[in-house]
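Have a look at the structure below before the remarks.
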Amino acid sequence: MKKFISVILTIALCVGALSVCVFAADKTVYLVLGDSIAYGSGLANPTQACYGRIVADTNDYEYINYAVPGHTTTNLIGRLAEPEVVEAVKKADIISISIGGNDFLLGNLIELIFNAMVLNDYSNFDAIANGFYNNLDIIIDTINANNEDAVILMQTLYNPQSGYLRDPYQKAADRLNAEIERYAKENPDEIVIVDVGTALGDDLDNYAADDIHPSAKGNEIIASETLAVLAVLGLGSDAPAVITTPGEDIDIPIFFTAFLDVYATVFHYLGLIYSLISGILV
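Under the working numbering, the residues of the sequence shown are numbered -6 to 275, in order.
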């Protein structure tokens, strides 16, 4: 009798273990790629509270985040060749991408702002936007080469600035967002756009103290926007976002961002002088 019961228990345990394995195998895999926004750099606890984590917790996805702070589109192309990232792409059902901001920020930012604000010259913006489009094409092709079935969510860029810097930053974001829209039109069904730029808007509470990244509130907004898109696609519920761990905003000394404001103020007045002199000479 004891042997019989032992056999029954063994079978039950095996069936239970098999059920768990099947359940795990059926779990939707959600992969986040890109830059510091995708990483959650506006938070002191990005691993627990960034928007990717919120999306995964809300829809009970298996969550993988291979975003790297500071990465440009060129860096992401290289990242997609790394073995662990290749494997993650192959198993992913949904891939969220945030990329492009550093294509501007990590270039000659001061020169770009000077040319825009003083000389009203945006030719370098256009060159960066063209390079962004070409790299985006490579990024999506690389993902498709490893997994043509994954749904790719492409986030638009936002503008975290106020004051004199807001206009050049908005023009930069608009140019990259136009390239994302162009790619989507020229390559139907390749990407699904998540309009993070519009969702975050110009409310400064949505941005961290570094004037670059989304705050805890901003991450929740990105998560909600992403969840809404996924619900429309039939890949998640339309339930409110689940905040398992509240986000903690980073604390940045004011001098960290003050130098750009100084440059912007100087360039603003130089631009006025340049316009006045140009008008007189004409």
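Glycine included, each C-beta is placed from N, C-alpha and C at the ideal position.
Between MET147 and HIS261, the CB-CB gap reaches or exceeds 8 angstroms.
Looking only at GLY71, VAL79 and ASN170, the smallest Cα-Cα distance to ILE57 is reached by VAL79. Taken through DSSP and simplified to helix, strand or coil, ASP142 comes out as coil.
DSSP places GLY27 in the uninterrupted beta strand (DSSP E) bounded by 22 to 27. The residues ASN152, in chain order, have a CB closer than 7 angstroms to that of ARG159 in the same chain once the five nearest residues on each side in sequence are set aside. When the beta-carbon positions are compared, ILE106 and PRO39 stay at least 8 angstroms from each other.
In terms of CA proximity to ASP50, THR238 leads the group SER271, ALA257, THR238 and SER268. The closest CA to that of ASP182, considering only ILE133, LEU228 and GLY194, is found on ILE133. Listed in chain order, the alpha helix (DSSP H) elements of length 4 or more contained wholly in the stretch 52 to 105 are 66 to 72, 76 to 84 and 94 to 98. Straight-line spacing of the CA atoms in ASP19 and ALA85 works out to 12 angstroms. Selection ASN101, ARG46, ILE90 and GLU172 evaluated against GLY27 yields ILE90 as nearest (Cα-Cα). Counting every other CB atom within 10 Å of its CB across the protein chains shown gives GLU218 a total of 16 or more, marking it as buried.
Beta-bridge pairing by DSSP links ASP242 to LEU36. When the alpha-carbon of ILE215 is set against those of VAL189, ASP195 and ASP119, the nearest one is in VAL189. Here the C-alpha atom of ALA42 lies approximately 32 angstroms from the C-alpha atom of ARG175. Buried is the label assigned to ASN128, since at least 16 other Cβ atoms lie within 10 Å of its Cβ. When the alpha-carbon of HIS206 is set against those of GLY124, LEU36 and VAL25, the nearest one is in LEU36.
Taking every protein chain shown into account, the CB of THR149 has 16 or more other CB atoms within 10 angstroms, so this residue is buried. In the three-state DSSP reduction, PRO181 falls in the coil class, being neither helix nor strand. When rounded, the separation of the alpha-carbon atoms in ILE145 and ILE88 is 5 angstroms. Taking C-beta atoms as the reference points, ASP196 and ILE245 fail to come closer than 8 angstroms.
The secondary-structure analysis by DSSP pairs MET110 with nothing; it has no beta-bridge partner.
Leaving aside the five residues that flank VAL61 on each side, none in its chain has a CB nearer than 6 angstroms to its CB. Taking each of ASN113, ILE92 and TYR54 in turn and checking the Cα distance to ASN170, the smallest one comes out for ILE92. Here DSSP, grouped into helix, strand and coil, assigns GLN41 to helix.
For SER230, no alpha helix (DSSP H) encloses it, and the DSSP letter there is neither H nor E. For the pair LEU98 and LYS83, the Cα-to-Cα distance works out to about 31 angstroms.
In terms of Cα proximity to THR21, the closest of GLU241, GLY45, THR66 and GLU55 is GLU55.
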